[in-house]
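Protein sequences appear in the order of chains D and B. Numbering-wise, the first sequence is residues 1 to 289 according to the UniProt record's numbering. Numbering-wise, the second sequence is residues 1 to 289 according to the UniProt record's numbering.
There are 2 protein chains.
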Amino acid sequence: MASKAMTVNEALDRALPLGHPERLFESMRYSLFAGGKRVRPMLALAACELVGGDEAAALPVACAVEMVHTMSLIHDDLPCMDDDHLRRGRPTNHVAFGVSTALLAGDALLARAFEHVARECTEHGVPADRALRAVAELASAVGTDGLVAGQVVDLASEGADVDLATLEYIHVHKTARLLEAAAVCGGIVSGGADEEIEGIRRYARYVGLLFQVVDDVLDVTRTSEQLGKTAGKDIATDKATYPKLMGMDGARAYAAELVASAEAELDRFDGTRTEPLRHLAHFIAYRQH
Amino acid sequence: MASKAMTVNEALDRALPLGHPERLFESMRYSLFAGGKRVRPMLALAACELVGGDEAAALPVACAVEMVHTMSLIHDDLPCMDDDHLRRGRPTNHVAFGVSTALLAGDALLARAFEHVARECTEHGVPADRALRAVAELASAVGTDGLVAGQVVDLASEGADVDLATLEYIHVHKTARLLEAAAVCGGIVSGGADEEIEGIRRYARYVGLLFQVVDDVLDVTRTSEQLGKTAGKDIATDKATYPKLMGMDGARAYAAELVASAEAELDRFDGTRTEPLRHLAHFIAYRQH
Numbered sequence: 001m002a003s004k005a006m007t008v009n010e011a012l013d014r015a016l017p018l019g020h021p022e023r024l025f026e027s028m029r030y031s032l033f034a035g036g037k038r039v040r041p042m043l044a045l046a047a048c049e050l051v052g053g054d055e056a057a058a059l060p061v062a063c064a065v066e067m068v069h070t071m072s073l074i075h076d077d078l079p080c081m082d083d084d085h086l087r088r089g090r091p092t093n094h095v096a097f098g099v100s101t102a103l104l105a106g107d108a109l110l111a112r113a114f115e116h117v118a119r120e121c122t123e124h125g126v127p128a129d130r131a132l133r134a135v136a137e138l139a140s141a142v143g144t145d146g147l148v149a150g151q152v153v154d155l156a157s158e159g160a161d162v163d164l165a166t167l168e169y170i171h172v173h174k175t176a177r178l179l180e181a182a183a184v185c186g187g188i189v190s191g192g193a194d195e196e197i198e199g200i201r202r203y204a205r206y207v208g209l210l211f212q213v214v215d216d217v218l219d220v221t222r223t224s225e226q227l228g229k230t231a232g233k234d235i236a237t238d239k240a241t242y243p244k245l246m247g248m249d250g251a252r253a254y255a256a257e258l259v260a261s262a263e264a265e266l267d268r269f270d271g272t273r274t275e276p277l278r279h280l281a282h283f284i285a286y287r288q289h
Numbered sequence: 001m002a003s004k005a006m007t008v009n010e011a012l013d014r015a016l017p018l019g020h021p022e023r024l025f026e027s028m029r030y031s032l033f034a035g036g037k038r039v040r041p042m043l044a045l046a047a048c049e050l051v052g053g054d055e056a057a058a059l060p061v062a063c064a065v066e067m068v069h070t071m072s073l074i075h076d077d078l079p080c081m082d083d084d085h086l087r088r089g090r091p092t093n094h095v096a097f098g099v100s101t102a103l104l105a106g107d108a109l110l111a112r113a114f115e116h117v118a119r120e121c122t123e124h125g126v127p128a129d130r131a132l133r134a135v136a137e138l139a140s141a142v143g144t145d146g147l148v149a150g151q152v153v154d155l156a157s158e159g160a161d162v163d164l165a166t167l168e169y170i171h172v173h174k175t176a177r178l179l180e181a182a183a184v185c186g187g188i189v190s191g192g193a194d195e196e197i198e199g200i201r202r203y204a205r206y207v208g209l210l211f212q213v214v215d216d217v218l219d220v221t222r223t224s225e226q227l228g229k230t231a232g233k234d235i236a237t238d239k240a241t242y243p244k245l246m247g248m249d250g251a252r253a254y255a256a257e258l259v260a261s262a263e264a265e266l267d268r269f270d271g272t273r274t275e276p277l278r279h280l281a282h283f284i285a286y287r288q289h
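This is how it looks when you write it as structure tokens:
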């Protein structure tokens with residue numbers, strides 16, 4: 001997994017070299033290379049491997065998904081949103097570069113993601129219809145059916161009593177949809193058959209929820225230093241979380257159930273190729289930050 | 001032209017019906033249907049006509065460009081950017097919906113633009129390679145080579161002495177690039193030959209600059225009521241403008257020169273098909289708001 005992360009980091013470095021206006025590029029790169037775990041790109045590469053594709057074909061969508069993810073972190077941290085000052089152990093983008101540059105860096109990363117898929121897929125011989133399906137999939141994970149919808153409902157729920165259905169809506173849209181898109185796009189550009197793509201989608205939905213359940217648990221159990229971001233914030237802001245609504249044991253049991261369901265989806269695939277996606281499910285479940 | 005605008009408005013209405021979360025959709029539609037002139041969509045449709053394409057093929061990119069344009073207006077108006085309160089005679093998006101919703105509505109419009117091109121082009125039989133080229137063209141007009149780059153340099157230049165080269169950089173990126181992308185995308189999805197696309201691009205570059213020169217002139221000569229936005233703002237903020245740097249007569253002469261250059265680019269095309277693009281150049285040059 002470490003070698004995959006290095007492959008992704010090198011591809012991202014090539015995808016976004018410094019340019020003019022310099023401050024804008026610095027701001028974009030500051031967040032893009034802030035030590036992210038690259039879970040989404042690795043999902044894309046693992047899905048590519050699952051359907052027997054060529055890694056080079058999946059790297060463009062892997063990079064694009066990480067650009068989208070980075071944009072969402074920058075915008076979510078802004079003062080008018082969650083007003084966060086610490087991310088991955090460093091000042092957030094707007095603290096380091098100012099609010100207007102941070103906002104624009106996010107916009108530019110979002111646009112760059114789609115440009116990258118369109119240009120690099122063509123460059124790497126991915127058929128245009130597959131690349132176009134990936135654009136639609138990725139875009140739908142950002143807007144009114146994805147990240148943005150989740151953030152709108154999240155902000156509207158602050159300080160309110162949130163039930164499990166609303167909590168699940170927020171997390172499906174804010175977190176799970178993009179993880180799903182990462183895996184699905186990796187499968188699409190690699191030429192996965194329709195029923196394979198649907199299997200990947202179901203796997204990724206479980207993993208997406210799992211990711212958030214574990215995130216909520218870690219917010220309670222780990223320190224800020226261990227997390228690289230402000231810990232205990234959910235409790236301090238009385239935010240609805242899985243531990244709050246299910247209890248800590250309930251949340252942990254739910255996480256275990258989600259891992260099992262995700263793995264079950266992989267059973268229909270060629271066993272030797274499922275290893276990376278199994279590994280990722282475990283990595284997400286048992287990570288410590 | 002009025003009937004084309006109606007076609008565009010109907011297509012936009014279909015492209016973004018109300019949905020959940022309601023407030024997000026209301027915010028997106030508030031700005032998308034705020035009485036914009038639809039210059040960019042009409043450029044796309046006119047370029048389609050120039051190369052003998054089918055209007056239905058060009059409508060998706062026409063709508064997408066207007067979504068991108070609307071997103072840029074919403075984000076540019078935000079308090080951390082230009083802090084504008086009036087746009088097209090109505091409160092700006094963040095005044096009406098709050099800063100966080102406005103920011104997210106912009107993000108969602110940007111994502112929706114790409115999703116719309118990807119899905120609707122497929123739906124209308126546009127070959128995937130053309131649609132993918134349009135995605136790349138449109139995305140490049142938004143990010144580090146387009147809108148965002150222009151806005152970054154614009155914000156950095158506030159209160160500073162700006163020379164004509166910097167002014168031109170700002171306007172090429174903030175305004176002209178998206179007008180160019182509109183026309184070029186219209187040509188691409190309609191199957192224009194490479195040399196036709198390049199002719200359209202040159203035409204659109206002149207028209208893009210023209211648009212901004214006229215904008216600057218109108219800011220001096222018209223009232224807020226006539227413009228539907230705060231007039232005289234450029235002088236009040238001592239902003240670099242064409243009239244300031246070239247004098248009013250110089251700016252008007254430059255505009256006339258740009259119209260002539262744009263029209264000259266059309267001379268190589270079939271005469272009967274050039275009418276819509278000629279008309280648009282004149283409309284942009286002689287508009288009163």
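Virtual Cβ for every residue (Gly too), placed ideally from N, Cα, C. Here the structure is a predicted model, which means the values were calculated and not measured.
Contact with chain D by residue i, beta-carbon distance below 7 Å
i	result
residue 80 of chain B	yes
residue 129 of chain B	yes
residue 143 of chain B	yes
residue 60 of chain B	no
residue 118 of chain B	yes
residue 140 of chain B	yes
residue 104 of chain B	yes
residue 12 of chain B	no
Nearest-angstrom Cα separation, counted from residue j out to residue i
i	j	result
residue 256 of chain B	residue 166 of chain B	22 Å
residue 31 of chain B	residue 75 of chain B	11 Å
residue 277 of chain D	residue 133 of chain D	22 Å
residue 47 of chain B	residue 200 of chain B	7 Å
residue 279 of chain D	residue 65 of chain D	20 Å
residue 79 of chain D	residue 156 of chain D	16 Å
residue 118 of chain D	residue 105 of chain D	20 Å
residue 184 of chain B	residue 51 of chain B	11 Å
The alpha helix (DSSP H) enclosing residue i, as first and last residue numbers
i	result
residue 48 of chain B	39-50
residue 23 of chain D	22-32
residue 248 of chain D	242-266
residue 150 of chain B	147-157
residue 189 of chain D	177-189
residue 106 of chain B	99-123
residue 61 of chain B	55-77
residue 215 of chain B	194-221
residue 135 of chain B	128-140
residue 6 of chain D	2-15
Residue i classed as buried or exposed, judged by whether at least 16 other C-beta atoms fall within 10 angstroms
i	result
residue 226 of chain B	exposed
residue 42 of chain D	buried
residue 272 of chain B	exposed
residue 137 of chain B	buried
residue 58 of chain D	buried
residue 28 of chain D	buried
residue 130 of chain D	buried
residue 180 of chain B	buried
residue 123 of chain D	exposed
residue 187 of chain B	buried
residue 17 of chain D	exposed
residue 14 of chain D	exposed
residue 108 of chain D	buried
residue 275 of chain B	exposed
residue 100 of chain D	buried
residue 164 of chain D	exposed
CB contact check: residue i to chain B, cutoff 7 Å
i	result
residue 115 of chain D	yes
residue 136 of chain D	yes
residue 107 of chain D	yes
residue 21 of chain D	yes
residue 99 of chain D	yes
residue 220 of chain D	no
residue 112 of chain D	yes
residue 149 of chain D	yes
Beta-carbon proximity of residue i to residue j, cut-off 7 Å
i	j	result
residue 234 of chain D	residue 223 of chain D	no
residue 207 of chain B	residue 281 of chain B	yes
residue 143 of chain D	residue 111 of chain B	yes
residue 152 of chain D	residue 170 of chain D	no
residue 149 of chain B	residue 203 of chain B	no
residue 220 of chain D	residue 243 of chain D	yes
residue 147 of chain D	residue 210 of chain D	no
residue 189 of chain B	residue 135 of chain B	no
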